[in-house]
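Quick note on this note's numbering: the sequence shown kicks off at 95 and runs consecutively. Data block below; observations after.
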Amino acid sequence: MADELPKRLSLTRKLVLLSMCCFAQFLDSFNNSSLFPAIPVLEGSMGITQSQSSWIISGFQLTFASFLLISGRISDVYNPKKAFIMGVTFLGIISIGAGFVNNKIAIMVLRALMGISSAMTIPSALTLLVHVFPDPLEQARAIGVFGGCGAVANVLGLFIGAVLVQYTSYHWVFWFVAIVAIPVALGCLFIIPTDIAVSRNEPDTHSAKWKSLDLIGISILTVALILFIYAVTSGSADGWATPGVLTPLIISIFLTVVFFYWETVIPVDKAAIPPRTWFYNNFSVLFGLALLPFFWWTAVFTAFTTLWQNVFQWTVISTAVHMFPIGVAALVMSFTGSLSRMFSPKWIILTGLSMVAVATSPICRRCAGAMLTYTHTNIAIFQAAPASMAGTVGAIFNGALQFGSAIGLAAFGAIETSMEATDGGPQMYRGRATAFWFLLGIVLVEILSITYFYQRGTDHGPQPKFDDHDKNNIVKASGETSNEVGELKTNALPMKEELNGLPM
């Protein structure tokens, strides 16, 4: 039934559903960038210190990245329509409450809850797109546009947030999210078909579905991610050698090892991330590449906004206007999804990385290269894995984006701060320049990894099936059994002849 569903949906309904998913992606990115102009006002009105104010942004990112996997599993095992509508609805309701809050503890808690709600929308939205657009060309275009909305939201969010803070109040930054989210949730009740997707295991009962979630594995990895992102976020401010940073960092690494061991113990159809996932063609190299795009954008965004506002004394609105070309370039690159069916994703990704690496090109062109890399990495990783794992793959991909951003930005900030401490301070550009040289080194490593490890053998081929590995084992086992039976028959012929030669 799910395979026949896309044929029954009209093009208009598909495009409306795509726009609803894009709104969700827009809101997730808008939630962070729009709050940058509001932070100084929040510090003054709520008595928040500078170190505490960073957790208004980091709290959202921490819970968003940590709860992506459980969201992906829910989308694969249960109906993604329910996960998507639930996430968007809770995001709108929590945003309404956040607009009325004037307490720093309450605002941080609500921001963390908003991160969990947003985490429910991304894997489920990607699952919907994969099933609504099964044709590889249409799917590539849809995923490209979906990703482009996030890049545009980063720039528009800064501008809209600055306008709302300057001409109304910071409360409207939260209410704007609710104004968009709640109508989207209501519309999706009617637009998204109920039988949009079937789970890969197709359990018949609620208890069977509940067991298929792999709650033990998901819980272990979620705690590990929360501790790791907390340690990385706190390390640059509190010091990497402090117990408050080292302890959660060590525990998170230990729990990650426990998680991957646990995934090898339980049955494959019950595992949140089956071990064979990493052995799908090009999946691991694409996962490594996914660590780069958000890291690059966040580093560029942070470095230049602080430079323009703190050193050049530009207003927030002026800074946002100067960021518009970056958003336009990113939006244009998001419409290049169809190129993945004409050329190998390897060459498109290498083209994007080369645009990022060329230091003489304008910042706008390098941002276009980063968006080209992001778009076609996103498309390629979904083609590398079974469609029935779309929710989990979406969670893995977006988790890698957030993971790379957290680690990379911490390293970028540490390098910049250490150079500024010995050479001119934040008013000089030398600290930022050194950090950008570090970023260039990461880009060159990614170019080498794609050049040597990306295999083009399965480009433009059909997506693998989840049970292909099991079928291959069955075929292999049956072949071995047939050989054994043949050997028995061959050995039995001489014995029969000997018996026939004996007297009665």
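Every residue, glycine too, gets a C-beta built ideally from N, C-alpha and C. Quick caveat, the model's predicted, so the values are computed rather than measured.
Option in the options with minimal Cα separation from residue i
{"i": "Thr392", "options": "Met449, Gly498 and Ile273", "result": "Gly498"}
{"i": "Pro131", "options": "Ser378, Met208 and Asn248", "result": "Asn248"}
{"i": "Asn125", "options": "Leu386, Ser211, Ser113 and Pro134", "result": "Ser211"}
{"i": "Trp402", "options": "Val203, Pro134, Gln233 and Gln521", "result": "Gln521"}
{"i": "Leu109", "options": "Ala504, Tyr546 and Ile285", "result": "Ile285"}
{"i": "Val182", "options": "Ile168, Leu280 and Asp170", "result": "Leu280"}
{"i": "Val271", "options": "Tyr172, Asp229 and Leu129", "result": "Leu129"}
{"i": "Ile276", "options": "Gln260, Phe178 and Val224", "result": "Phe178"}
{"i": "Met483", "options": "Arg205, Gly191, Ala206 and His225", "result": "His225"}
Neighbourhood of residue i by C-beta distance below 8 angstroms, restricted to the same chain and skipping five residues each side
{"i": "Ile314", "result": "Leu349, Val352, Phe353 and Trp356"}
{"i": "Ile442", "result": "Thr430, Leu433, Ser434, Leu466 and His470"}
{"i": "Thr316", "result": "Ser160, Phe161, Leu163 and Ile164"}
{"i": "Val257", "result": "Ile411"}
{"i": "Glu574", "result": "Here the model assigns Glu574 a pLDDT of 41, short of 50, so the residue's position is not dependable and the matter cannot be decided."}
{"i": "Pro368", "result": "Glu357 and Val362"}
{"i": "Glu514", "result": "Pro520, Met522, Arg524 and Gly525"}
{"i": "Phe532", "result": "Ala505, Phe506 and Ile509"}
{"i": "Ser448", "result": "Gly463 and Ile541"}
{"i": "Ala206", "result": "Gly153, Phe154, Leu156 and Thr157"}
Alpha-carbon spacing of residue i relative to residue j, whole angstroms
{"i": "Thr143", "j": "Leu283", "result": "42 angstroms"}
{"i": "Thr399", "j": "Ile420", "result": "13 angstroms"}
{"i": "Ile320", "j": "Phe227", "result": "34 angstroms"}
{"i": "Gly502", "j": "Leu250", "result": "24 angstroms"}
{"i": "Gly311", "j": "Val539", "result": "31 angstroms"}
{"i": "Val607", "j": "Ile509", "result": "Any answer about residue 607 is impossible in this case: the structure gives the chain only from 95 up to 598."}
{"i": "Lys559", "j": "Thr511", "result": "48 angstroms"}
{"i": "Ile541", "j": "Leu534", "result": "11 angstroms"}
{"i": "Gly555", "j": "Gly186", "result": "40 angstroms"}
{"i": "Leu111", "j": "Arg235", "result": "14 angstroms"}
{"i": "Lys176", "j": "Leu222", "result": "11 angstroms"}
{"i": "Leu220", "j": "Met180", "result": "15 angstroms"}
{"i": "Asn566", "j": "Thr552", "result": "Because Asn566 carries a pLDDT of 44, less than 50, the predicted location of this residue cannot be relied on, and the following value inherits that uncertainty. For Asn566 and Thr552, the distance between alpha carbons rounds to 18 angstroms."}
{"i": "Thr336", "j": "Val203", "result": "25 angstroms"}
{"i": "Ala384", "j": "Trp334", "result": "25 angstroms"}
{"i": "Gln233", "j": "Leu121", "result": "22 angstroms"}
{"i": "Thr106", "j": "Leu231", "result": "17 angstroms"}
{"i": "Leu425", "j": "Val246", "result": "6 angstroms"}
{"i": "Met436", "j": "Met427", "result": "16 angstroms"}
{"i": "Arg460", "j": "Gly191", "result": "39 angstroms"}
Cut-off 6 angstroms between Cβ atoms - residues of its own chain near residue i, not counting five sequence neighbours on either side
{"i": "Asp562", "result": "Confidence in Asp562 is poor, its pLDDT being 49 and thus under 50, which makes the residue's placement unreliable; the coordinate value appears in the next sentence. If we look at Asp562 and ignore the five residues flanking it on each side, it has no Cβ neighbours."}
{"i": "Met140", "result": "Lys198"}
{"i": "Ala325", "result": "Val339, Pro342 and Leu343"}
{"i": "Gly446", "result": "Gly463, Leu466 and Thr467"}
{"i": "Gly193", "result": "His265, Phe268 and Trp269"}
{"i": "Ala397", "result": "Arg526"}
{"i": "Phe184", "result": "Ser211"}
Beta-carbon proximity check, residue i vs residue j, cutoff 8 angstroms
{"i": "Gly485", "j": "Ala159", "result": "no"}
{"i": "Ser127", "j": "Gly241", "result": "no"}
{"i": "Gln119", "j": "Ile216", "result": "yes"}
{"i": "Ala414", "j": "Cys458", "result": "no"}
{"i": "Phe268", "j": "Ser189", "result": "yes"}
{"i": "Gln496", "j": "Phe388", "result": "yes"}
{"i": "Val359", "j": "Ile544", "result": "no"}
{"i": "Ser218", "j": "Pro174", "result": "yes"}
{"i": "Ile475", "j": "Phe491", "result": "yes"}
{"i": "Thr262", "j": "Ala213", "result": "no"}
{"i": "Ser90", "j": "Gly244", "result": "The chain is shown only over 95 to 598; residue 90 falls outside these bounds and no answer can be derived."}
{"i": "Ala500", "j": "Ile323", "result": "yes"}
{"i": "Ala504", "j": "Thr327", "result": "yes"}
{"i": "Ala318", "j": "Arg167", "result": "no"}
{"i": "Val450", "j": "Trp372", "result": "no"}
{"i": "Gln557", "j": "Ala489", "result": "no"}
{"i": "Val135", "j": "Val259", "result": "yes"}
Close Cβ partners of residue i (< 7 angstroms) along its chain, the five nearest in sequence each way excluded
{"i": "Phe117", "result": "Val274 and Val278"}
{"i": "Lys440", "result": "Ile544, Tyr548 and Arg550"}
{"i": "Met417", "result": "Val249 and Leu252"}
{"i": "Ala478", "result": "Tyr374, Asn375, Asn376, Phe377 and Leu380"}
{"i": "Ile133", "result": "Ser147 and Ile150"}
{"i": "Val487", "result": "Ile475, Phe476 and Ala479"}
Residue i classed as buried or exposed, judged by whether at least 16 other C-beta atoms fall within 10 angstroms
{"i": "Asn585", "result": "Low confidence applies to Asn585: its pLDDT is 47, below 50, so where it sits in the model is not reliable, and the reading given next is rough at best. Looking at its Cβ environment, which holds fewer than 16 other Cβ atoms inside 10 Å, Asn585 is exposed."}
{"i": "Asn196", "result": "exposed"}
{"i": "Trp149", "result": "buried"}
{"i": "Asn404", "result": "exposed"}
{"i": "Asp308", "result": "buried"}
{"i": "Gly329", "result": "buried"}
{"i": "Val537", "result": "buried"}
{"i": "Ala527", "result": "exposed"}
{"i": "Asp170", "result": "buried"}
{"i": "Ser104", "result": "exposed"}
Contact test: residue i Cβ vs the ligand MG heavy atom, cutoff 7 angstroms
{"i": "Asn472", "result": "In the structure shown, the ligand MG is absent, as is every other ligand, since no ligand is present at all."}
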